[in-house]
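Novice:
Residue numbers (the UniProt record's numbering), protein chains in the order written: chain A, 1 to 99; chain B, 1 to 554.
1) I'd like to know whether the C-beta of residue 93(A) is nearer than 8 Å to at least one C-beta of chain B.
2) Please compile the residues from chain A whose C-beta is within a distance smaller than 9 Å of the C-beta of residue 42(B).
3) Return the chain-ordered list of same chain residues with a C-beta closer than 6 Å to the C-beta of residue 552(B), the five sequence neighbours on each side being excluded.
4) Count the other C-beta atoms from every protein chain shown that fall within 10 angstroms of the C-beta of residue 2(B), then say buried if there are 16 or more, exposed otherwise.
5) Between the stretch 58-83 of chain B and chain A, which residues of the former have a C-beta closer than 7 Å to a C-beta of the latter?
6) Using a Cβ-Cβ cutoff of 8 Å, what residues of the stretch 19-42 of chain A are near chain B? List them in chain order.
7) My parser needs the alpha helix (DSSP H) runs of 4 or more residues fully inside the stretch 82-151 of chain B; what are they?
8) Taking 8 Å as the CB-CB cut-off, is residue 67(A) touching chain B?
9) Please check the pair residue 373(B) and residue 416(B), which I expect to be a contact at CB under 8 Å, by giving their CB distance rounded to whole angstroms.
10) Given a threshold of 16 other Cβ atoms within 10 Å of its Cβ, counted over all protein chains shown, does residue 266(B) qualify as buried or as exposed?
11) If you compare alpha carbons, which of 95(A), 3(A) and 88(A) is closest to residue 45(A)?
12) Roughly how many angstroms separate the alpha carbons of residue 70(A) and residue 460(B), rounded to a whole number?
13) Where does residue 469(B) fall in DSSP's three states?
14) Please tell me whether residue 19(A) and residue 44(B) are closer than 8 Å, where the distance is taken between their beta carbons.
15) In terms of DSSP beta bridges, what is residue 56(B) paired with?
16) List the endpoints of the continuous alpha helix (DSSP H) containing residue 550(B).
17) From this set, 74(B), 65(B), 230(B) and 292(B), which residue's C-alpha is nearest residue 437(B)'s C-alpha?
18) Are there 16 or more other CB atoms within 10 angstroms of the CB of residue 425(B), so buried, or fewer, so exposed?
19) Just tell me which of 76(B), 138(B) and 128(B) has its CA closest to the CA of residue 120(B).
20) Compile a chain-ordered list of the residues in the stretch 61-85 of chain A whose CB is closer than 8 Å to at least one CB of chain B.
21) Can you list, in chain order, the residues of its chain with a C-beta nearer than 7 Å to that of residue 501(B)? Leave out the 5 residues immediately preceding and following it.
22) Under 8 Å, do residue 350(B) and residue 427(B) count as touching if we go by C-beta distance?
23) According to DSSP, is residue 28(A) part of a helix, a strand, or is it coil?
24) Among 201(B), 177(B), 183(B) and 206(B), whose alpha-carbon lies nearest the alpha-carbon of residue 192(B)?
25) How many Å lie between residue 289(B) and residue 283(B) at the Cα?
26) With respect to the alpha helix (DSSP H) encompassing residue 46(A), which residues constitute its N-terminal and C-terminal limits?
27) Mapping the DSSP letters down to three states, classify residue 311(B) as helix, strand or coil.
28) Is it buried or exposed for residue 329(B), if we count other Cβ within 10 angstroms and need 16 for buried?
29) Could you give the distance in angstroms between the alpha-carbon of residue 404(B) and the alpha-carbon of residue 172(B)?
30) Mark residue 353(B) as exposed unless 16 or more other C-beta atoms lie within 10 angstroms of its C-beta, in which case mark it buried.
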């Protein structure tokens, strides 16, 4: 298990918290929370050690596309970058959901 | 598969069972995360693998408790367990106040979360207690959709539920095949033989032999309809009340050959239930198999070389107290209980004894205290035990003790020996006070190190390292004390030191413990309320309870 932390300067505050995913084998859960800070903090707990660079790349790409201002928590149980990207995108969908 | 219920995750399953308007209690955004996983290098989950959701089922107020089988095998730890207990207790409160609410449990669980072992056992006994109390008001419906299925202590819970619905994708058992293979050898149960496993533990066989009540096609609509119908019909299988039937069945069991699936179906259909009464133990000239439990039972009751019609279950009344012990018998006809394990006969016999005590005292103002002498190295690990349904045997005794306590009997567990796993759930954990000797020989845990290492895919060295950081993972009584569940840890008396002086001392501690139950609620809350529990041992439990209580009516 490894804990990782990333930070991005962002400018589009989110309005509500959202949660998607399950900490199942090869999967992860993602929580977005609103923040009043001017940056986004990402805290990751992952079961697969040694992938900091891969996470950096996935997050770089995500924030380039969606520069949201949010505190993000991720609990990961060995998901691939593709699955990570999918869950992050699903969380964006959930933000838009009116429910 | 289109519209499959089994394929859904726990949260979606809860939503699927409820009508549109739902409200989740203590969900992923509430930060109630297990404090015990990260110190062991295990990734936690924000809801700790349990979803609590309120809403309606076809217009009727309902609480769905859904366990996520994909997170850590659906194991019950401190936080997930406390969520379930707190929600069930609020549902009980509402029902008591005339606000009918129907609880539904979606079980997809391996039982105790081995990484939080002793918390899992405590929580599961507390869940069982709440279910028994709720059943006086409403049916408590269980659903085992499948993938993990239902195993371990949560199968004991499943046997206590009012009505059990499953799909053919589920398996229900106490011990998983891998654990039986580890404990009793590959010839007892070959965990690589998938056909044997499904034919034995699958719901087709379970339906034919009374261990589940309904097997439905795996679609959301079918399953919701079955649950809703079961609520409307107030279904109750009374599964843990067939004690005479099972004791009669065990009398007829031919132990000279290995029981197989067809043989058991035949036996099950032919058995006629006969009344069984297990008389008080009497003295004899031949000593029974030596054990810590036997030594203390004989000293506390004054019966020398105690023997009984069920050689592994001793009970007797002394000075107005009913003592019950499960003991080893080196020559027992059931090979898997010879070291004092709790097997089929033990579970049903204890249930029979305790139910009789409750019936005898039904009209009395003062109920007789029941003292369990606890020295149980585990539940029995065996193939025929699983085929017949050992989880129902253990559920029957757990239910009997819980009902006795709820009827006003002080139920005290005195632990001079081991207190392990399903054995402890069946005989010990339904007590309102736990008293233990401070002896290094005592093991108190959910699974042996070899099996726990195998199931959690760690080495024994890694497992032992984890026990240093997480007291609930440890195997000794001193670490157990740190959880705050004990009424008293008695120092200076060894497991076998049942001298007259020590027996008198234990007797006075038992009497004190009984006194502390007088006028107090007959629940298991004592365990959360000791100074150690509040300070550290059940800190997460108490925080979860507070959060559930605050959100219940929000």
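In this text, a Cβ means the ideal position worked out from N, Cα and C, and glycines have one as well.
Specialist: Quick look at the numbers:
1) Within the first chain, the letter at position 93 stands for residue 93(A). Closer than 8 Å: no.
2) Here residue 42(B) corresponds to residue number 42 of the second chain, with the count starting at 1. Residues of chain A passing the Cβ test: 1 and 47.
3) Taking the first residue of the second chain as position 1, residue 552(B) is located at position 552. Here the set comprises 90.
4) The sequence position of residue 2(B) within the second chain is 2, counting from 1. Classification of residue 2(B): exposed, given that the 10 Å Cβ count is below 16.
5) Within the stretch 58-83 of chain B, the residues whose Cβ lies closer than 7 Å to any Cβ of chain A are, in chain order, 68, 70 and 71.
6) Legend: CB atoms of the stretch 19-42 of chain A lying less than 8 Å from CB atoms of chain B belong to residues 19, 22, 23, 24, 25, 27, 29, 31 and 33.
7) For the alpha helix (DSSP H) assignment, the uninterrupted runs of no fewer than 4 residues enclosed by the stretch 82-151 of chain B are, from N- to C-terminal side, 117-134.
8) In the first chain, counting from the first residue as 1, residue 67(A) sits at position 67. Among the residues facing chain B, residue 67(A) is not included, as its CB has no counterpart in that chain under 8 Å away.
9) Numbered from 1 along the second chain, position 373 holds the residue referred to as residue 373(B). Numbered from 1 along the second chain, position 416 holds the residue referred to as residue 416(B). About 7 Å separates the two Cβ atoms, so the contact holds.
10) In the second chain, the residue the question calls residue 266(B) occupies position 266. Label assigned to residue 266(B): exposed.
11) Within the first chain, numbered from 1, the residue matching residue 45(A) stands at position 45. Restricting attention to 95(A), 3(A) and 88(A), the CA atom closest to the CA of residue 45(A) is found in 3(A).
12) Your numbering for residue 70(A) matches position 70 in the first chain. Your numbering for residue 460(B) matches position 460 in the second chain. Computed Cα separation, rounded: 42 Å.
13) Taking the first residue of the second chain as position 1, residue 469(B) is located at position 469. It is helical.
14) By one-based count along the first chain, residue 19(A) stands at place 19. By one-based count along the second chain, residue 44(B) stands at place 44. No, these two residues do not count as a Cβ contact at 8 Å.
15) Within the second chain, residue 56(B) is the residue found at index 56, counting from 1. Residue 56(B) is bridged to 61(B).
16) Along the second chain, one-based indexing puts residue 550(B) at 550. Counting along the chain, residue 550(B) sits inside the alpha helix (DSSP H) bounded by residues 539-552.
17) Against the second chain, residue 437(B) aligns to sequence position 437. Selected option, being the one with the closest Cα: 292(B).
18) For this step, residue 425(B) is matched to residue 425 along the second chain. Burial call: buried.
19) Here residue 120(B) corresponds to residue number 120 of the second chain, with the count starting at 1. If we check each option's Cα against that of residue 120(B), 76(B) comes out closest.
20) Cβ contacts with chain B come from 73, 75, 76 and 77.
21) For the purposes of this step, residue 501(B) is identified with residue 501 of the second chain, where counting begins at 1. Answer for residue 501(B): no residue qualifies.
22) Start at 1 with the first residue of the second chain, and residue 350(B) comes out as number 350. Start at 1 with the first residue of the second chain, and residue 427(B) comes out as number 427. Taking C-beta atoms as the reference points, residue 350(B) and residue 427(B) count as a pair closer than 8 Å.
23) For this step, residue 28(A) is matched to residue 28 along the first chain. The answer is strand: DSSP assigns residue 28(A) an E or B state.
24) For this step, residue 192(B) is matched to residue 192 along the second chain. With distances taken between Cα atoms, residue 192(B) lies closest to 177(B).
25) Along the second chain, one-based indexing puts residue 289(B) at 289. Along the second chain, one-based indexing puts residue 283(B) at 283. Cα to Cα, residue 289(B) sits roughly 14 Å from residue 283(B).
26) Locating residue 46(A) in the first chain gives position 46, where the first residue counts as 1. First-last for residue 46(A): 39-46, but that is the beta strand (DSSP E), not the alpha helix (DSSP H).
27) As a first step, residue 311(B) must be located in the second chain, where it is residue number 311. In the displayed model, residue 311(B) falls within coil according to three-state DSSP, outside both helix and strand.
28) The residue labelled residue 329(B) in the question sits at position 329 within the second chain. That one is buried.
29) On the second chain, position 404 is the one that residue 404(B) refers to. On the second chain, position 172 is the one that residue 172(B) refers to. Distance between the alpha carbons of residue 404(B) and residue 172(B): 27 Å.
30) Counting from one through the second chain, the residue named residue 353(B) turns up at place 353. The residue in question, residue 353(B), is buried, as its Cβ has 16 or more Cβ neighbours within 10 Å.
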